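First to last, the sequence lines map onto chains W and C. Counting in my numbering, the first sequence runs from 3 upward without gaps. Counting in my numbering, the second sequence runs from 2 upward without gaps. Even for Gly, the Cβ is constructed at its ideal location relative to N, Cα and C. Keep in mind that this is a model prediction, so the values were computed, not measured.
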Amino acid sequence: MSLPSVQEPLLNKISGTDQKQVKIPKKIPESLRRTKAINIPNLDETQIIRHFHHLSQRNFGIDTGIYPLGSCTMKYNPKINEEIASWPQFSCLHPHQHESTIQGTLQMMYELENMLSELTGMDAFTLQPAAGAHGEFLGMLLARTYHQNNNDSKRVDVITPDTSHGTNPASISMAGFNVVEIPSTEEGTVDVSLLKKTVSERTACFMLTNPNTLGIFESDILEIADIVHDAGGLLYYDGANMNAIMGKVRPGDMGFDIVHLNLHKTFSSPHGGGGPGSGPIGVSKRLIPFLPVPRIQKKKDTYGFTYDHPQSVGKIKGFYGNVDVLLRAYTYILMMGANGLQKASEIAVLNANYLKKKILEKPGFDLPFRDLRKHEFVLSAEELRKNKKVRAMDVAKRLLDYGVHPPTMYFPLIVKEALMIEPTETEPKNALDEYAQILHKIASEDAEIVKSAPSNTVVGRVDEVNATRNPVLTWKQIKESEK
Amino acid sequence: MADEVREDLKYTETHEWVEVKGKTAIVGITDHAQSELTDIVFAELPEAGKEITKGDELCVVESVKSVSEIYAPISGTIKKVNENLEDTPEIINDDPYDDGWLVEIELSNKDEVDALLDADAYKKLL
Numbered sequence: 003m004s005l006p007s008v009q010e011p012l013l014n015k016i017s018g019t020d021q022k023q024v025k026i027p028k029k030i031p032e033s034l035r036r037t038k039a040i041n042i043p044n045l046d047e048t049q050i051i052r053h054f055h056h057l058s059q060r061n062f063g064i065d066t067g068i069y070p071l072g073s074c075t076m077k078y079n080p081k082i083n084e085e086i087a088s089w090p091q092f093s094c095l096h097p098h099q100h101e102s103t104i105q106g107t108l109q110m111m112y113e114l115e116n117m118l119s120e121l122t123g124m125d126a127f128t129l130q131p132a133a134g135a136h137g138e139f140l141g142m143l144l145a146r147t148y149h150q151n152n153n154d155s156k157r158v159d160v161i162t163p164d165t166s167h168g169t170n171p172a173s174i175s176m177a178g179f180n181v182v183e184i185p186s187t188e189e190g191t192v193d194v195s196l197l198k199k200t201v202s203e204r205t206a207c208f209m210l211t212n213p214n215t216l217g218i219f220e221s222d223i224l225e226i227a228d229i230v231h232d233a234g235g236l237l238y239y240d241g242a243n244m245n246a247i248m249g250k251v252r253p254g255d256m257g258f259d260i261v262h263l264n265l266h267k268t269f270s271s272p273h274g275g276g277g278p279g280s281g282p283i284g285v286s287k288r289l290i291p292f293l294p295v296p297r298i299q300k301k302k303d304t305y306g307f308t309y310d311h312p313q314s315v316g317k318i319k320g321f322y323g324n325v326d327v328l329l330r331a332y333t334y335i336l337m338m339g340a341n342g343l344q345k346a347s348e349i350a351v352l353n354a355n356y357l358k359k360k361i362l363e364k365p366g367f368d369l370p371f372r373d374l375r376k377h378e379f380v381l382s383a384e385e386l387r388k389n390k391k392v393r394a395m396d397v398a399k400r401l402l403d404y405g406v407h408p409p410t411m412y413f414p415l416i417v418k419e420a421l422m423i424e425p426t427e428t429e430p431k432n433a434l435d436e437y438a439q440i441l442h443k444i445a446s447e448d449a450e451i452v453k454s455a456p457s458n459t460v461v462g463r464v465d466e467v468n469a470t471r472n473p474v475l476t477w478k479q480i481k482e483s484e485k
Numbered sequence: 002m003a004d005e006v007r008e009d010l011k012y013t014e015t016h017e018w019v020e021v022k023g024k025t026a027i028v029g030i031t032d033h034a035q036s037e038l039t040d041i042v043f044a045e046l047p048e049a050g051k052e053i054t055k056g057d058e059l060c061v062v063e064s065v066k067s068v069s070e071i072y073a074p075i076s077g078t079i080k081k082v083n084e085n086l087e088d089t090p091e092i093i094n095d096d097p098y099d100d101g102w103l104v105e106i107e108l109s110n111k112d113e114v115d116a117l118l119d120a121d122a123y124k125k126l127l
């Protein structure tokens, strides 16, 4: 693929057809004609197509190459999902349509709720949250409403380990709880004795990802569940890493009360560039009354929405969730079947451990904490930093030069110079071998080359400080800055 | 690539430094801390006059890598804050021990100073 070497101009910077060439029909009266030229690009169809085609060529997606972004599960999105989602029976629906005219879609949603309940061992699901963090926030609202309903409003603390996703403390705070962070053990797992000391009559919930963000399974989970439940708290499952355990172990059986899943990760819908996502929430029986409305109900052979749930937290999203993502997940689950999902998790774990071993065969990167990992692993580039002043960020930028996507960086924070790699089950062996080779090459390259990377991309190293401090996000801002 | 640790300062395990000057103390983050944070883009400082207790959140520092809380190493009243950080927070990276200081605190409990780490103890942490 050859990329144009110049920056693609904005549409309104491409010189187009002279507006005067457009002949306005005589029958349009003078009073209805514009007196000033309209400020929109005036381009030929060819120019428009080329513009967007150029931009699409610069996109990097899972169809372009390996995309091992840790905790994001960038797996291949089967094309049959897209084909079914494009059927007019789904794509031409309007959310205001009468329920009797959307029975198929309602049936799909109803069945998907049941499938997710079965997969996670929960008693009920809501499909409404639009993404994982939205699900987390709803989970925290459910915990708050549950405790308030038990006249137990003094429970204001939510505990979370220092390996948790950044959205966890954010969701806790947004729901009005206090964040109580506990450090992990030297093994990289929850410190059970510290958790025992931390829980109290103020504990509303413990938020946990399992396997955690180091890719390590929290094998003390049953004891952890007892500790939290004995203290009167609820246990929340962050489903970001569900891809490691499908068909192997269920959050409900581990003792979790609230579970979110990321359908766009684990169940294969495209989610680069920020969405759309879907973060359904599953709960145990005691939390069902508080689920958001509307809920989906089946009466004889008819499906419908129900709103009469007096203890519900209310509505949390316009209409009914991101239905197009739900449809893709539903298709994926049906295509894979129970055995297929189990196999996907097995190969995801195998791929991660194979790639980890390949990378560690040669010098450059270390693996802090214990060796065996689930679907992802976190390397440290600290040695490169000490020896050559090359940091994790530089390695990530240099990977772009080799035409592959970097891993998640600098997370979790307890690993120095972290590179968090999740290859997923859909990468073939040769892609894993190639990724390991590229990392070895980068580790042995001249520090100056790595530190000034990327140099083979359309845009070189971006000024991240300036981008954070002075973001230019709209065309209006560009115009202002040009004045 | 050793991070600088100054002999005449006191330190915390959470990488803040304290320079005691009579009844007040200047507080900042260490060279190690700024290097770990990478390029700092915002520093959210407390208001002068605010009373704080040791271990409380003193301010929030955002870098291109993460958002981090800085904890109060000692209790007291905020006397002054480093106003220059509002427009040029990068001076924390460039000069963590001098121009990049965060706040000046009027001490309410001088005994707390003895509990801080000296330079040798802090070096062992790194």
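Test item: CB-CB of residue i and residue j under 7 Å
| i | j | result |
| --- | --- | --- |
| W:Ile422 | W:Gly72 | Note on identity: in this sequence residue 422 of chain W is Met, with Ile being the wrong assignment. Contact: yes. |
| W:Gly234 | W:Glu378 | no |
| C:Val65 | C:Asp40 | yes |
| C:Ser76 | C:Thr54 | yes |
| W:Glu120 | W:His262 | no |
| W:Thr169 | W:Ala126 | no |
| C:Glu8 | C:Val42 | no |
| C:Gln35 | C:Pro97 | yes |
| C:Ile27 | C:Trp102 | yes |
| W:Asp403 | W:Pro456 | yes |
| W:Asn294 | W:Ile318 | Correcting the residue identity first, residue 294 of chain W is Pro in this sequence and not Asn. Contact: yes. |
| W:Val325 | W:Ser271 | no |
| W:Ala469 | W:Pro425 | no |
| C:Ala122 | C:Val6 | no |
| C:Leu86 | C:Ala44 | yes |
| C:Val114 | C:Pro74 | no |
| W:Leu114 | W:Tyr332 | yes |
Residue of the options minimising C-alpha distance to residue i
| i | options | result |
| --- | --- | --- |
| W:Glu47 | W:Leu13, W:Thr75, W:Thr66 | W:Leu13 |
| W:Ser195 | W:Glu436, W:Asn180, W:Ile223, W:Met176 | W:Ile223 |
| W:Glu191 | W:Pro253, W:Arg375, W:Pro27 | Checking the sequence shown, residue 191 of chain W turns out to be Thr, not Glu. Closest option to W:Thr191, Cα to Cα, is W:Arg375. |
| W:Leu336 | W:Asp259, W:Asn468, W:Ile82, W:Phe54 | W:Ile82 |
| W:Thr428 | W:Lys267, W:Asn116, W:Leu114, W:Tyr309 | W:Lys267 |
| W:Lys418 | W:Val392, W:Val474, W:Lys443, W:Pro425 | W:Val392 |
| W:Ser314 | W:Met76, W:Asn151, W:Arg60 | W:Asn151 |
| W:Ser175 | W:His149, W:Lys198, W:Gly141, W:Ser202 | W:Gly141 |
| W:Pro80 | W:Pro312, W:Cys74, W:Asp65, W:Pro90 | W:Asp65 |
| W:Thr200 | W:Asp255, W:Ser17, W:Ile226 | W:Ile226 |
| W:Val452 | W:Val461, W:Leu441, W:Val460 | W:Leu441 |
| C:Glu84 | C:Glu105, C:Thr78, C:Ile71, C:Ala73 | C:Glu105 |
| W:Arg330 | W:Ser88, W:His56, W:Glu32, W:Arg35 | W:Ser88 |
| W:Tyr238 | W:Thr37, W:Met256, W:Gly316, W:Arg35 | W:Met256 |
| C:Asp95 | C:Val21, C:Leu10, C:Glu17, C:Asp32 | C:Asp32 |
| W:Met110 | W:Gly316, W:Phe92, W:Gly123 | W:Phe92 |
Residue i - containing alpha helix (DSSP H), residue span
| i | result |
| --- | --- |
| W:Phe477 | It should be pointed out that residue 477 of chain W corresponds to Trp in this sequence rather than to Phe. Per DSSP, W:Trp477 belongs to the alpha helix (DSSP H) from 477–484. |
| C:Ala26 | Premise fails: C:Ala26 lies in the beta strand (DSSP E), 25–30, not in any alpha helix (DSSP H). |
| W:Thr48 | 47–59 |
| C:Asn94 | 92–95 |
Exposure of residue i, with buried meaning 16 or more beta-carbon neighbours within 10 Å
| i | result |
| --- | --- |
| W:Ser4 | In this predicted model, W:Ser4 has a pLDDT of only 45, less than 50, meaning its place in the structure is not dependable; the value taken from the coordinates is given anyway. It is exposed - the Cβ of W:Ser4 has fewer than 16 other Cβ atoms within 10 Å. |
| C:Gly23 | exposed |
| W:Gln130 | buried |
| W:Pro6 | In this prediction, W:Pro6 scores a pLDDT of 48, lower than 50, which makes its location untrustworthy; the coordinate-derived value is nonetheless stated afterwards. Per the 10 Å Cβ criterion, exposed. |
| W:Asp228 | exposed |
| W:Ser347 | buried |
| W:Arg288 | exposed |
| W:Thr304 | exposed |
| W:Thr410 | buried |
| W:Thr107 | buried |
| W:His273 | buried |
| C:Asn110 | exposed |
| W:Val461 | exposed |
Segment limits, beta strand (DSSP E) that includes residue i
| i | result |
| --- | --- |
| W:Phe269 | Counting along the chain, W:Phe269 falls outside any beta strand (DSSP E), and DSSP gives it neither H nor E. |
| C:Ser64 | 58–64 |
| W:Met222 | Reading off the sequence shown, one finds Asp at residue 222 of chain W, where the question assumed Met. Counting along the chain, W:Asp222 falls outside any beta strand (DSSP E), and DSSP gives it neither H nor E. |
| W:Asp240 | 236–241 |
| W:Leu369 | Run containing W:Leu369: none; DSSP gives neither H nor E here. |
| W:Asp499 | This structure cannot speak to residue 499 of chain W, because chain W is shown only from 3 to 485. |
key: Sufficient close CB pairs (3 or more, under 8 Å) joining the segment 383–394 of chain W to the segment 175–188 of chain W   = The answer is no - the segment 175–188 of chain W does not touch the segment 383–394 of chain W, with fewer than three Cβ pairs under 8 Å.
inquiry  = Taking contact to mean 3 or more Cβ pairs, one atom from each stretch, closer than 8 Å, check whether the segment 272–288 of chain W and the segment 93–104 of chain W are in contact.
reply    = The segment 272–288 of chain W, when compared against the segment 93–104 of chain W, does not touch it at the 8 Å Cβ threshold.
message = Taking 8 Å as the cut-off, does the segment 204–214 of chain W touch the segment 157–173 of chain W (at least 3 CB pairs, one atom from each stretch)?
response = The count of Cβ pairs closer than 8 Å, one atom from the segment 157–173 of chain W and one from the segment 204–214 of chain W, reaches three, so the stretches are in contact.
message = Between the segment 359–369 of chain W and the segment 428–439 of chain W, can you find at least three pairs of beta-carbon atoms closer than 8 Å?
response = Counting Cβ pairs under 8 Å, three or more are found: they touch.
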